[in-house]
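Taking it in order: structure first as structure tokens, then the write-up.
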Amino acid sequence: LDVLQPVYEALAQGKTAGEIADAADKAAEATVPMKALRGRASFLGERSIGHMDAGARSTALLVRAVAEAIEGN
Numbered sequence: 174l175d176v177l178q179p180v181y182e183a184l185a186q187g188k189t190a191g192e193i194a195d196a197a198d199k200a201a202e203a204t205v206p207m208k209a210l211r212g213r214a215s216f217l218g219e220r221s222i223g224h225m226d227a228g229a230r231s232t233a234l235l236v237r238a239v240a241e242a243i244e245g246n
């Protein structure tokens, strides 16, 4: 949800595919200072801080791939 919520908001605002992909990347990067509370990384506790959430990163990559396909790149 870290990435999907900003993607949804960008879609609702009528942003371009590229802007939506950028929103996804920005949201994934915003997970770096967060402590993981769910998933495998949650076992790391405080040590998870400073690392991008893997689920957020993979979701951002998928969003960018779809955006590039839509734009024909």
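If you want the working numbering, it's the position in the sequence shown, counting the first as 1, plus 173. C-beta: ideal position from N, C-alpha, C; glycine also. These figures come from a predicted structure and were not determined experimentally.
Next on the checklist: Whole angstroms are fine: how far does the CA of Ala209 sit from the CA of Ala238?
Outcome noted: In a straight line, the C-alpha of Ala238 is about 26 Å away from that of Ala209.
Next on the checklist: Classify Ser221: buried if its beta carbon has 16 or more other beta carbons within 10 angstroms, exposed otherwise.
Outcome noted: Here Ser221 is buried: its Cβ has 16 or more other Cβ atoms, across all protein chains shown, within 10 Å.
Item to check | Span of the alpha helix (DSSP H) around Glu166 | outcome: A question about residue 166 goes unanswered here, because the residues of the chain that appear run from 174 up to 246.
Item to check | Three-state class that DSSP yields for Arg211 in the structure shown | outcome: Looking at Arg211 - three-state DSSP - the assignment turns out to be coil, as it is neither helix nor strand.
Checklist entry - Shortest alpha-carbon distance to Ala196 belongs to which of Val205, Ala227, Pro206 and Glu182? => result Ala196 has its Cα closest to that of Glu182, out of Val205, Ala227, Pro206 and Glu182.
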